[in-house]
Each structure stands twice: as C-alpha cells, then as structure tokens.
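Enquirer:
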Amino acid sequence: MASGTVELEEQQEKLRRVVDEWRCRSHDLLKNLYEDPYGSSSFSDAYSSNSAPICVHAEPSEHSDISTLIELENVLVSKFVTVLSYDCIEISKLTEYARRNIYRQLSLFGHGSSSQVLLEGEPQKTFGRSLSLFMDLSEVTSRMSAVLCNLLQQLDSIYSLQDKNGTPCKSFKNATFTTAFSSFSDGLAMFLILDEILIHNGRIKSYLSLFARMLNKMKFEPDDFGIALGDLDNLDQVASRLEKLLDGGFFRHLLQENPSWVDVLQKVRQNRKFLDACTSFIHNGLSEILSRLDTWKESLLDRRKILCHTALFLFEVYAAAEMPDKRLGKVIAQMLQVVPVIYCEGGGRFMLLDLLRNQFPPSLSSWYTLRDAAMESGTTKNNYLIHLNDMHSRDWQPIKDALACWVVSFQSVIHPMTDLSKVEVCLRLHFKKIIQGILIASRMQMMANSMLDLHALLEVPIKRERLKSLCQMVVLMKVVESAFHNKELDIIKSLPHIISFIQADIEQFFLRAKDELESEIAKGSQVGKMRFLSSLTRGSKDVESRMAYSLSLILLSLQMLRGGGSSKRRLILLVALDFLESIGYLDIGFSRIKKLISKLEMVVDFQSIVKGVTNCSFLYQRKEMIGTWLSMVYMDVDKFSWLQYLLDAFCDGLWHLKLGHVGEFTIHAHEKEIENAVKYEIIAPLCRDIETDLRLHVHSTHLKGSVHVNPRKTGVQNLSWYLQLKPLRIPFKNIDIKLHVETYLNSTFYNHTAMSSYDRKIYLEMRQLAKLKYRLVLDDIHFADHCLGHGIEVIETLQNLQKVATSYSYNITNQVLIEKASGFQGRTTLRIVGVEQVASSLATHGLVSIFTAIESVPKFLAQKLVDLSELLQDNFASSFLVKEFRFWKHEEGSIRNNPFIQGDQHNLTMGKLFFEDHELRYLEQLRYIISEMGNVLGLLRILKAGCSRHVCNISRFIHGSNNSKSFREISEKLGFMDETVTAGRIVDVTLESKYRIKDHLNCFSSLFTVFSKEIQSSKNIPFKDFHLIVPALVISLVDSRANCKDKLLRRSRDRGNQIVMDDGFIMGVAFLLKVTMQEKSFDQMYWFTGMHKYLKEALLSLEEYQDAEQRKASRGISVSRLLGQPASSIGIEAQKGIDKLKKYQKEVEFIHSSFNIARTAIS
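Take the sequence shown: its position 1030, counting from 1, is numbered 1030 in the UniProt record's numbering, and each next residue is one higher.
#1: In the DSSP assignment, what residue or residues form a beta bridge with Gly834?
#2: When you compare only the Cα positions, how much space is there between Arg266 and Phe281?
#3: Using only alpha-carbon positions, find the residue among Thr692, Val140 and Leu776 that is nearest to residue 1170.
#4: Please report the distance separating the alpha-carbon of Ser365 from that of Lys79.
#5: Lys1045: which of Lys1096, Glu1147, Tyr750 and Ile970 sits nearest, CA to CA?
#6: Is the segment 611-630 close to the segment 642-653, with three or more CB pairs under 8 Å?
#7: Where does Lys1112 land, buried or exposed, given buried means 16+ other C-beta within 10 angstroms?
#8: Please tell me whether Ser450 and Val341 are closer than 9 Å, where the distance is taken between their beta carbons.
#9: CB Leu72 to CB Leu571, shorter than 9 Å?
#10: Quick check on DSSP: helix, strand or coil for Gly348?
#11: Give a yes or no on contact between the segment 395-414 and the segment 468-479, applying the rule of three or more CB pairs nearer than 8 Å.
#12: Using the C-alpha atoms, what's the distance from Asn383 back to Leu94?
#13: Which class does Ser412 belong to by DSSP, given the choice of helix, strand or coil?
#14: Bridge partners of Ile588, per DSSP?
#15: Does the beta-carbon of residue 1168 have 16 or more other beta-carbons within 10 angstroms, so that it is buried, or is it exposed?
#16: Applying the 10 Å Cβ sphere with the 16-neighbour rule, what's the burial state of Lys658?
#17: Which parts of the segment 275-338 are runs of the alpha helix (DSSP H), unbroken and 4 residues or longer, counting only runs that do not cross its ends?
#18: Quick one: is Ala448 buried, meaning 16 or more other Cβ sit within 10 Å of its Cβ, or exposed?
#19: May I have a chain-ordered list of the alpha helix (DSSP H) segments no shorter than 4 residues that lie completely inside the segment 179-260?
#20: Which first and last residues belong to the alpha helix (DSSP H) in which Ile970 is found?
#21: Taking Cβ to Cβ, would you say Leu290 is nearer than 9 Å to Lys381?
#22: With burial defined as no fewer than 16 other Cβ atoms inside 10 Å of the residue's Cβ, what is the status of Leu489: buried or exposed?
#23: Quick check on the DSSP output: the beta strand (DSSP E) that includes Lys733 runs from which residue to which?
#24: Got a sec, what are the start and stop residues for the alpha helix (DSSP H) Ile609 sits in?
#25: Nearest to Arg269 by alpha carbon, out of Leu155, Arg941 and Ala239?
#26: Look up Asn271 in the DSSP assignment and say whether it is helix, strand or coil.
#27: Enumerate in chain order the residues of its own chain whose CB-to-CB distance from Ala98 is below 7 Å, with the five nearest sequence positions on each side excluded.
#28: By alpha-carbon positions, which one of Tyr159, Ala839 and Gln445 ends up nearest to Ile609?
#29: Go ahead and label Tyr34 buried or exposed: buried means 16 or more other beta carbons lie within 10 angstroms of its beta carbon, across all protein chains shown.
#30: Can you check whether the CB of Leu208 is closer than 9 Å to the CB of Leu134?
#31: Can you check DSSP and say which residues form a bridge with Tyr808?
#32: Glu932 and Lys864 - do their beta-carbons sit closer together than 9 Å?
#33: Roughly how many angstroms separate the alpha carbons of Lys1047 and Leu817, rounded to a whole number?
#34: Just how far apart, CA to CA, sit Ile1151 and Ile737?
#35: In angstroms, rounded to a whole number, what distance separates the CA positions of Val1075 and Met214?
#36: Whole angstroms are fine: how far does the CA of Leu131 sit from the CA of Leu739?
In structure tokens, the structure reads:
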C-alpha cells in the first residue's frame, strides 16, 4: 500500500512539472507574439494543420510467426504455402523499408539551397555523416537479392515439377502464382528505382569518390587524425564495397555479376514454362492496367505496378537472353505510348523509355520496339501532356462534384444506433467513403504532379485558368487530408468492425465452397465427386488428392480470415488463393475476393495511404508557384479560405526535407521562402489596400468636391474577410494576418503623424475608421498638436529639407538656422531653429521624427551633388574651369607661389570684379547649391546637438553610463509580480535605446565614406579640380556680403535687403573639399594667407597715398580758394576705397575663421 502511494505521488509530481513547463512555455509564446509579430519562433512553438500534439496510429499487428499461422494436416500444401509466403512477406518488408528510409534520403543526398556555398571538405563530411544510410542500403540490397533468388528458385522448382508432373504440381491445371510474381516484381523494381536515383543524383558517386580518396590519404598519417589503423582499414573496405556496388548499377549487378543469380538464371533459361508464365503475367497485368488507366476505374497502385511490370519484363529479357515476342512487344509499345512518364515513390519522375534503354541488355539493344519509341520520344511526351490537359478539362468538374458530395457525407455526424443492422449499414457506408476519398485524392495528386512537372520539363506555359484549377486541386487534396484528420479517431474506433465485416464477406465465398466440398466427401459417391470436380480439371485421375488440397487451402484461408487483418495474414491468404486457383476454376469468385482484399488493405493502412495520396511534397520542385498562387488567392476574396490549405501543401516540402536529412540551412531557406511569399504576396498588399481604403474614406470627407461615402458600407474592396481568418499555422511559426496589419498601421500612422503633426486629426479619424470597419485594435497616437514653448514647431520645419535649405540661413557660431525674409509669409517675426528648440520638440514627440529627418539627409545631398555635377559639366563651366586652371597653374602644372597676381585684377577698391556678367551668374548658381548643402549639414549638426541635450535631460538620474544592472533581473531576484518585472524590462529597453542614440547621431563619418566613393568614381570627373574654383566663389561671396551690408545702411531698404548669414556656403565648401579629398590641395594654394597679405599691403598703400594727398591739399588749398576753383575729389575717393578695403578685409577674415570652424566640425 505504501509503495502504491509513493508511485502515485511520483506520478502527480511528474504531471505537475509537465503542466508548469507548458504554462511557462505558453507565457513565453504570448510574450514573443506581442513583442515581435514578425519574428520567427522555433519549430516546436507552432504546429501545422496536419500535425497535432498527440497522434494515434492504428495498424493490425501479428505476433505469430508463419509456421504457427500455417498449421495444416496436409504437410505438402503447408510446405508450399509456407515457402512462398515467407519470401513474399520478406520482400514486402524490405520494399516498405526502402520506401520509408532509403529512396527519399538518397534522392536528397547532398541537396542544398541555391544560396548555400559548398566549402572544401564538405562533401567528405556529408558522406561521412550519411555513412549509416549507405550501410543500410548495402544490407537491404543484399538481403533483397538473397530473398529474390530464393523465390526465383522456388518458382523454378514449382514449374519444373509441373513440367515433370510431380506431386503436388500434377494437380495444377494452370499454375498461376500472381502473388509470387507480384512480390518478385516489387523486389526487382526496388533495384530499378535505386538505379534511377543514382542517375539523377550524381552527388552520391562523386562524394563517395572524394571520401574514398580522403581515406587513402589518411592511411599515411593515421595518428594525426586520432583514428586506429584497423578502424581506418574497415572504413576503407566499406567504401570500396560501396564503390563496386554503385559503379555498375544495382539491377545489372544483380542479374549479371551476382554469382548466386548467375547460376539460377542458367537453370531458369531452360525452364520454358516458367518463362511463359512470366510473359503471361506481364502481358495480362499490363493489358489490364492500361485498359483502366486515366479512368475512374484506375486503382491506387496501378502506376506503381507498371514500374514493377517493367522490372519483371527486363528480368524476363535477361533470363530468356532473346528478343521478346511480338505479343509482349506490342503491349510494351502501348505502355510507352499511353503512359511514357509515371510518378511514384514520393513524386519521383520515371521516364519509362529511358529506364528501358538504360537497363536493356546491350546485345538486344536493337529491339525494334525501343528503336521506334526512341524516334518518337519527343512527340510522345507532348502528346501525353496534351492528353493530360484534355483529361483535366474532361474530368475536373466531375471530380469537384464528387469531392463536394464526399466531404459532406464523410463529415456528417453518425448518431448512436441500437439496431445492429443499421449500424452495419452505416459502417459499410463509412468504409465506402474511405475508399472513395482515397481514390479521389490519388487521382488529383497524379494530375497535379504530372501536369506541373511536364509543363516545366517540356517548357510549355500553363494558361492562367488551368493554373488556377491546379491550385484548387492542391487545395482540395489538403481538404481531403483535413477531413480524414478530423474523422481519424472515429475511423480508428470503427476500424475493427469494418475489418470484421469485410472478412465476413470474404468468408462467405469460402464457406459455401467448404460446405459443398464436405458434403460431397461425406457422400462417398464417386459419381458425385466426379460431377463436382468436373469444374476443376477435366479428365483428372487423382480426384481425392485434388479434393484434399482444395479443402486444406480453404481451411487455411478461413483461418487467415479469423485474425485482425494483418499484412502477414493477407499475404498468406493471397498465396493460398493462388494455389487454389491453380488447381482449377472453382466457382468461388476469385476476382471478387481479390478486390475485397485490396480494399481491406486500403482500409487497414488508411492513415499511411491518406498521408501518401495527399502529400504535396512534389511542390518543393515547383517552389516558384507559391508566389503566383498566393497572388491569385489574394485577388479573389472568395478563395481566401484556400490560404491555409495552400501553405500546408507547400510545407509538405519541409516534411520531405526533414525525412531526407538535409542540412538545417536548406530547411531554413525553404522556411524563409514560404514566409516571404506570405509576407510579400498577402500581408504587404493587404496592408497597402487597407491603408488606401482608409485614406479614401477619410479624405473624401475633407476634400472639396468629392463624393461622400459611407465608410461602413462602401469601400475599394471587401477586405474585412481577410482579417477574420484564424492565424495561419505553418510548422515553424504562426502568422496572424490581423496582428501584422495592426502593426503596419500603427507604425505608418505614428511615422506620418511624427513628420506631419498637422495631419494628426486625419490619422485619428483613420484609426477610428479602422476600428469600426475592420475591427482593428490600434494604438493611441501619443502626440501633442503643437509644441508652443518657443513659438515654433521643429517637427513641421523638418518635413521638407528643400524648404529648410532655401528658406533658412545657417549660423555656424551660434548653431542656429535663421529664417530668411522671403519666408515670412505675412508674419512679423523670424523663425529660428536651434538646439533648445530641437530638445524641446524631442521631449514632446520623441526621437523617431528626428531619426527620420537624419535618414533623409543622404538622399538630399546625393540629389544636390547630381545638380552640382551637371552644372560643372556645362560647356560654359568647362571653359571657365579651364580659365581658372590655366591661371593657377604654371605650364609645368605646379601651383603658383604667389597665386594672388589675379587679385590685382580685382578692382576691390573700386567695387568692381574682373568677372563678366555671365560668369557672375554662373558663380551665383554654384554658390546657391553649395549653400543649400551646407544649410542641411548645419541642420544635421543642430539635430545632433539637440538630441544630445535631450538625452542629457532625460538621463540625469543615471549615475554612470556603464551601469550594467538590469531592472528586470533585479525584480525577478526580489520576487516581484509579473507587472513589476514587465515595467523593469521596459526601463531596460529605454536605457538601452538611450545608449544606442549615438549610433544614429554619429553619421558624418558614414556620409563622408559614401560620398567620397561616389565622387571619386569615374562618373564624377567634374569634381577633379574643384578646389581651383573655390577662390572665385569666395571672392564672389565677399562682394555679395559687402553689397548686402551697404544696402542695409540706405534709407530705402526693404524687408528683402536684410543681411543673410552665409555660413551654409562655407559649410558646404568644407564638406565638398572633404569628400573630394582636395583639402590638402587647397591648403597648398595658401589663398587666405595671400589674400590677407595682399589686402594689408593694399590698405597700407592707400593710406600712404591718402596722407600724401592730404599734405598736398593743405598746401594748395589757399591757392584754390583765391582762384575760385572747387576742392579736389581725390581725397574723398581715396577714403571710400580705404573704407571698402577694410570691409573686404573684415569679410575675408570672418570667412577664413568660419571656414576653419567648419572644417573642424566636419572632421
């Protein structure tokens, strides 16, 4: 009792841990979902529609061995059935193992995404990691070869005994062992499939060769690799054995190089009855399959059986060592015409003609059927594609109608019944619907796979309507899968009863024959025996032995039907049926029994079969279709419900890759392709359309002359259905379309409101409309209408950088932008943008708007550089630059030592320049563009300083910038509630963003790097000698500033005659010299030094000249007065010249000082 209590407590403790773990996991999921809706979660965080936390797989199993199952008093019959059944069961197991664990893995061996780079040594590592796969391949093929050889010997012995009239084969009227031949062909087909995989995947042999070469090199220095020499020899032997196995091909190695097979084939070649039976099986089987192919009578495994019959045909050609007869050649030719391509074993493509030509004996390669088929190969493929398109046009509507009826009836609820007869009727209907659903899905899979692959193979475009119907076909396949998934538990519950009544139906055939046989035996009448057995063998002499064999086989069949319907019992039953049919034509309905057994096989293994016929992993080869199909789905609102099924279909490729054991890089690449397709083909257009719809409705109420609409009834498109979908489930994450739309609109409304605060009211209305019309829950827009602290709204100023560049002047000393008189617009005050205004605006609106303005600066500068480049490339500009270049350079090309000889030509004292009018206009254009660039760069400096001021204001409580403590971790350690921990996490994020601000602000270096590369490129040759034109630009600026100040002193000044700060031009010149790397070249000109010296000397000369004139005037003034002559004007003009020269001297000194400050700020 005590031990039971302890165990119960342990179980409860384990359960509690599981619940706690799931609770924490669900909390993390919700937290990640709300934090980052675009983020990807792990594989286990979400599930697709075809997966569930718990899966139930039901399949009848058999624990008894064959000798226990086959217990008959007739020892001879027991031996015959046991031997053949054992071989058939082993072949079935090996074939199923290869189908699940070898085919797909070999096909995808070495597969990687297109963007993955294969490094040196990766092929060897890939093969080494997959060595267990090739060991399994070697073991499976070796075991299959032995079992097939044994089955071949048994069949050869049976037909040899029949030829010699041996016991019990003398009782056979016509030995037809369909099950044995079918199993034999299945085993041979495995070798054909492996050869085709090796042909299509050349990486297998190449990687094996590199791996073997690596082993040979390692033998010389085994100690360096830390591996024993014996282990290395074993690996080398394995690699050598694999190379021999793969070089010649599995099928040819089996029939031509395997010693045991060579001896058996020599004996078989002499057994004419066996070869005739093999030929008859191939001919009859192919004829029966081809007659019902591409019709509603086509069975589930018909196309795979074609491949098996092809393998058996090749074996028969090798065994007979002669040309096939005309009857067999005719049916092979018909097969190549009717179905030149088949798709089986996970969607693999098998070209039957190529397969036959690759495997046909070289000595018989001139067979006329293959020769004629090769000549018409291209036409045959095109005709088959045309046939598929015609079949699609003919059968697509009936398939949709049948599937619609099937879904409704299959998903109908079955109420509990007390009447057993009604329960059986209901179960029979359920059984019928299971078979019908599987066949419909199989037919759709065949059509979709074949048409998509052949259109791509033959490079034939698909019409849009047919492409849409193929999309619907894929969707309906996943609908069938979903229907089976929903009813899976109900089917499993009723599965034993369904198996029971199917076996009961089969038993009725055997019970009638058993009763009749026993009654005839009981009579003891030889006449009655002869009358009954006249239907078995006509003219037979050994009646009693035939009756005994028949009765034993019937009893064995009944014994197999009293089990659970396992595959082992079914195969034994089929072998017994073959023996019973070989004895004679008993009237027990062999064909009907075999049909019921095939249906029983489908029902028993319905889960694996449904998974196979609804598997869309073939779409991995057609990945380009996902974008096309998703855009089709988005354009038609009626088909938006297809979206989840379509994603499930493409996610089958992930299942395909995982089973193929490819690398994580390839799987993640496919996941990214699916996610991007949903994002760009569904979510992005939906976000744009919803935003456009909201704008149209809101603006229609504000714009004059527009038609007023009801925002709750009228719209561009009915988009609300898209938002009502449940979150899309894919294996690696959940995609909530509504959440993505809400995130997009929140971000868009915030950014637009931050940049255009006067539109805040409009975006508030759009937010309210989104809530009413689409039921979207959007965040509040936390922005004030205006910031009135300094009488200016910086956010409004930053909306248009072009306006800032032209309407403001930059003052580099005070770090402000001052509005020009032309931008007054009826106001009586000037606007000023400074550091304090930026900090105040940041306190109201946050950093996003400032970062947005900073990010737009490179684009503005790039455009201005383009304009400047075009201006410098003008014909007049070229001649002007040549003029400047010739002046500043000697003939040898060196800079003049005294470059201000040209300054003598600048009649500064007279207020005249040496430039002509058109040259002055050109210099003004250059100066305006450079000034606009400098103003924007000055704005960038102001924003940087303002952000720093704002950060300092909000972080005064922080003691140190290196504070590494986390408020969230401290809250968790102290055991606070979740709300406190969340608040601590928000504080941590805020502090972290504060320290990251410098990454956004330190953008000067990135600007210089980007623009330096651009200007130094060959496209920007006009900037090569830009420094030579700077003196002319500065002289023009000096004259402009001097004239502007003169106008201020006049009484007739107007508002447009105010002084303009030209530090923007100086900032722009410093920036251009920096990015063109001509700072050193300009410094070597010593222009400012020479100008200072020249002005100083000119001023001293004028002053001396004035003093001399004054002395002359004082001596001659009396004479002038006596003679009555007017006073000389030379002194007045000299004074004016001195005053103007002093103005120019001050302006040059000011510009030189500002230029040094600008260069320091930029550096």
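Think of the CB as a built atom: it goes at the ideal place given N, C-alpha and C, for glycine as much as any other residue.
Expert: On the basis of the coordinates in this document:
#1: Val816
#2: The question names Arg, yet the displayed sequence has Gln at residue 266. Distance between the alpha carbons of Gln266 and Phe281 is about 21 Å.
#3: Only positions 1 to 1163 of the chain appear in the structure, and residue 1170 is not among them; the question remains open.
#4: 41 Å
#5: Glu1147
#6: yes
#7: exposed
#8: yes
#9: no
#10: strand
#11: yes
#12: 37 Å
#13: coil
#14: According to DSSP, Ile588 bridges with nothing at all.
#15: Residue 1168 cannot be examined here, being either before or after the span of the chain that is shown, 1 to 1163.
#16: exposed
#17: 302-320 and 326-338
#18: buried
#19: 203-218 and 229-247
#20: Phe967 to Lys973
#21: no
#22: exposed
#23: Lys733 to Ile735
#24: Phe606 to Val613
#25: Leu155
#26: coil
#27: Val140 and Met190
#28: Gln445
#29: The predicted model places Tyr34 with a pLDDT of 40, which falls under 50 and marks its position as unreliable, so this point remains unresolved.
#30: Here the sequence assigns Phe to residue 134, which means Leu is not the residue at that position. For Phe134 and Leu208, yes; Cβs fall inside 9 Å.
#31: Glu819
#32: yes
#33: 23 Å
#34: 59 Å
#35: 54 Å
#36: 46 Å
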